[in-house]
Amino acid sequence: MLSEKLCKAFNAQINAELWSAYLYLSMSMDAAARGQKGVANWFKIQFQEEQAHAEIMMNHVLSRGNEVKLAPIDAVQTEWKNALEAFRDTLVHEKKVTSLITALYELAIEEKDYPAQNMLKWFIDEQVEEEESAQEIIDQLDAVEDNKYGLLMIDKELATRVFNVPSPLAKGE
Ligand code: MG
Numbered sequence: 015m016l017s018e019k020l021c022k023a024f025n026a027q028i029n030a031e032l033w034s035a036y037l038y039l040s041m042s043m044d045a046a047a048r049g050q051k052g053v054a055n056w057f058k059i060q061f062q063e064e065q066a067h068a069e070i071m072m073n074h075v076l077s078r079g080n081e082v083k084l085a086p087i088d089a090v091q092t093e094w095k096n097a098l099e100a101f102r103d104t105l106v107h108e109k110k111v112t113s114l115i116t117a118l119y120e121l122a123i124e125e126k127d128y129p130a131q132n133m134l135k136w137f138i139d140e141q142v143e144e145e146e147s148a149q150e151i152i153d154q155l156d157a158v159e160d161n162k163y164g165l166l167m168i169d170k171e172l173a174t175r176v177f178n179v180p181s182p183l184a185k186g187e
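Under our numbering, the first residue of the sequence shown carries the number 15, and numbering increases by one thereafter.
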């Protein structure tokens, strides 16, 4: 079983992942309203990924014989000036999530909880990818500035993103 302290921290992180999902769904809807179908697609996939992150953590809590307690999800921003602003906010947000995951991992070490440490290692790697992909898109958007053709090309590329079931869920962990 997870210690009471660790279980509480996992439940808080489940809420944070679901809040992230809601944030990205909001970014997706905002991009759709601007007519950027590719950007809207990218954020929709991001929304699905965050839901999967919450699910991986919920599965872990249940596997350990603890209870998941779902808390209310706070409101999210609903409008961004453009795609660049949304991706900049994404990077800031992902850096914050990285620090939350790191703190959770450190708590799992303190509590000498090895199964929790193992599952959190996947999230630590995942956060490296999250920050890297947000940064890559920011760089592309920065490079084209207000060039409409460039923005269209980026939108077309973002339209190709598909949802891949994260490995811990695919393995049924
Ligand atoms: Mg996440």
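We treat Cβ as the ideally placed atom computed from N, Cα and C, and that holds for glycine. In this text, all values refer to a predicted model and were calculated from it rather than measured experimentally.
Report task. Put Ala85 into one of helix, strand or coil per three-state DSSP. Result -> Coil.
Requested in this report: Measure the C-alpha to C-alpha separation of Lys51 and Lys126 and round it to an integer number of angstroms.
Outcome: Between the alpha carbons of Lys51 and Lys126 lies a gap of roughly 46 angstroms.
Query raised in the report: How about Ile31 and Met71: are their beta carbons less than 8 angstroms apart?
Result: Looking at the sequence provided, one finds Glu at residue 31 rather than Ile. Contact check for Glu31 against Met71 passes: the beta carbons are separated by less than 8 angstroms.
Query raised in the report: Going by the C-beta, is Val142 closer than 7 angstroms to any heavy atom of the ligand MG?
Result: The answer is no for Val142.
Requested in this report: Pair every Cβ in the region 158–176 with every Cβ in the region 125–139, then say whether three or more of these pairs are closer than 8 angstroms.
Outcome: The region 158–176 makes no contact with the region 125–139, as fewer than three CB pairs between them are under 8 angstroms.
Query raised in the report: The alpha helix (DSSP H) spanning Leu16 covers which residue range?
Result: Per DSSP, Leu16 lies in no alpha helix (DSSP H) segment and is marked neither H nor E.
Report task. Check Gln27 in the structure and name its three-state DSSP category. Result -> In this structure, Gln27 counts as helix in the three-state DSSP scheme.
Report task. Report the residue from Ile151, Phe101 and His74 whose alpha carbon sits nearest the alpha carbon of Lys185. Result -> Relative to the Cα of Lys185, the nearest Cα in the group Ile151, Phe101 and His74 belongs to His74.
Report task. Measure the C-alpha to C-alpha separation of Met43 and Gln91 and round it to an integer number of angstroms. Result -> C-alpha separation (whole angstroms): 11 angstroms.
**Report entry** Quiz: which residues have CB nearer than 6 angstroms to the ligand FAD non-hydrogen atoms
**Finding:** This structure lacks the ligand FAD; its bound ligands are the ligand MG.
Requested in this report: Could you tell me the distance, in whole angstroms, from the CA atom of Ser113 to the CA atom of Val142?
Outcome: The alpha-carbon atoms of Ser113 and Val142 are separated by roughly 12 angstroms.
Report task. Sort Glu69, Asn80, Tyr36 and Asn132 by Cα distance to Lys19 and report the nearest one. Result -> Nearest neighbour of Lys19 by Cα position, chosen from Glu69, Asn80, Tyr36 and Asn132, turns out to be Asn80.
Query raised in the report: What three-state label does DSSP hand Ala173 in the structure shown?
Result: Residue state for Ala173 is assigned as coil, using DSSP reduced to three classes.
Query raised in the report: Are Asn55 and Ala173 touching if we call contact CB-CB under 8 angstroms?
Result: A contact, by the Cβ cut-off of 8 angstroms.
Query raised in the report: Where does Thr104 fall in DSSP's three states?
Result: Residue state for Thr104 is assigned as helix, using DSSP reduced to three classes.
Query - Alpha carbon of Thr116 to alpha carbon of Ala35, nearest angstrom - result: Roughly 19 angstroms separates the two Cα atoms.
Requested in this report: Helix, strand or coil for Asp55, going by three-state DSSP, please let me know.
Outcome: Reading off the sequence shown, one finds Asn at residue 55, where the question assumed Asp. It is helical.
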